[in-house]
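What follows is a short report on a single structure.
2 protein chains.
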Amino acid sequence: MPAQTIVPVEANLINALEDRGLRKTSARSAVTTRIETASGAFTAEQLCRDLPEVGRATVYRTIRHLVDAGALCKLPMLDGAPKYSVARNEHHHHTICSRCGAVEEFRHSTVERVMRSLEKEIDGDIVGHRMEIFITCSNCLAESNRGGSSGR
Amino acid sequence: MPAQTIVPVEANLINALEDRGLRKTSARSAVTTRIETASGAFTAEQLCRDLPEVGRATVYRTIRHLVDAGALCKLPMLDGAPKYSVARNEHHHHTICSRCGAVEEFRHSTVERVMRSLEKEIDGDIVGHRMEIFITCSNCLAESNRGGSSGR
DNA sequence: TCCTAATTGATATCAAGTATCAATAAATTG
DNA sequence: CAATTTATTGATACTTGATATCAATTAGGA
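Line by line, the protein sequences are chains F and A. Per this note's numbering: the first sequence = residues 1 to 152. Per this note's numbering: the second sequence = residues 1 to 152.
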């Protein structure tokens, strides 16, 4: 058992698949490393376009596995296809820039505390929650200050 | 101007359309009264099935108008088609029963207060937010207590 | 009533995503 | 390491949800 065979912890996504008893294949590695390399949230179609060597069905299947494993968050958008983002923290929420679509993760204890206070008011058992904050991100703000009305 | 011509305030949805300069047609009335009569949230396809006399395109168009007018909320679901629910209060959130799909509206000042405290922490300008609480509603709880494991 | 612009709805089309299934690749076993 | 078994792949067809087109129809003002 040489120390070299220890898998680096950064390889999160492919591990999440192996933990579920799924085989480590080149297609799945291509998908997971692409997700880990690229920055930020993405749609399934974007991934397909970025990885023409991997079949569409496989891309969709791999995404589904990752969501089932809790390694990816599925974010249904008000219009168009859902976005996916890597789940870095156990429980968290998202900010979504309504101008450029950038998604960031955040967590705040107050939100969780509010949930607990709502339990009394809500008729039924709370089993989960979801919260998205729509923002204009600092990049987009800077751009509109700089460029004037050019911000597409 | 006889008093009789005053429109009852309950006819909310068709009014919302007229307020936007849209004509009051029989197709639109059929859609809005169906929405007002039926209870709870619905999908576009459900409406189409309930109103075979109205064309699909018209159903979808009318829904879109109502959402644009702020009279309907569009709720993207984690899977499948979005649901729509009548917006009774200006600003509110939703509880969604993950067993039967029932949607209820709620509002709570604490949630809004939390939003204000998050403004300091978030990089960018907050332009809105969305929050859904997933519950097992009291009906479903009662049913599973009564029927045992029959809960579908 | 007449006129014009808005509306309708059958149809075609688009987009996102899933099912099928023969060919292929991974793991296992002898 | 070869043989065997089983999971996986991906081209294709299909499903579903929703929108575009456009001739026929209708609402509502003049």
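We put the CB at the ideal spot given by N, CA and C, even for glycine.
Considering only residues of the region 62 to 143 of chain A, which uninterrupted beta strand (DSSP E) runs meet the minimum length of 3 residues and lie entirely inside it, listed in chain order? 72 to 75, 83 to 86, 93 to 97, 103 to 106 and 124 to 137
For residue 32(A), is the classification buried or exposed, using 16 other Cβ atoms within 10 angstroms of its Cβ as the cut-off for buried? buried
What are the residues in the region 126 to 137 of chain A lying within 9 Å of chain F by C-beta distance? 126, 127, 128, 129, 130, 131, 132, 133, 134, 135, 136 and 137
Cβ contact (3+ pairs, closer than 8 Å) linking the region 130 to 145 of chain A and the region 95 to 102 of chain A: yes
Go through its chain and collect everything with a Cβ distance to residue 107(F)'s Cβ below 7 Å, but skip five positions before and after it. 89, 91, 92 and 93
Inter-residue spacing [alpha-carbon to alpha-carbon] between residue 71(F) and residue 29(A): 46 Å
Check whether residue 20(F) and residue 69(F) have beta carbons under 9 Å apart: yes
State the Cα-Cα distance for the pair residue 67(F) and residue 26(A), rounded to the nearest angstrom. 45 Å
Quick one: is residue 24(F) near chain A, going by C-beta distance under 9 Å? no
Given that residue 114(A) touches chain F, what residues does it touch there, using C-beta distances under 7 Å? 110, 111 and 114
Would you be able to state if there are at least three C-beta pairs under 8 Å between the region 112 to 119 of chain A and the region 119 to 126 of chain F? no
Residue 47(A) versus residue 24(F): straight-line alpha-carbon distance, rounded: 45 Å
Please decide whether residue 90(A) counts as near chain F, where near means a Cβ-Cβ distance under 9 Å. no
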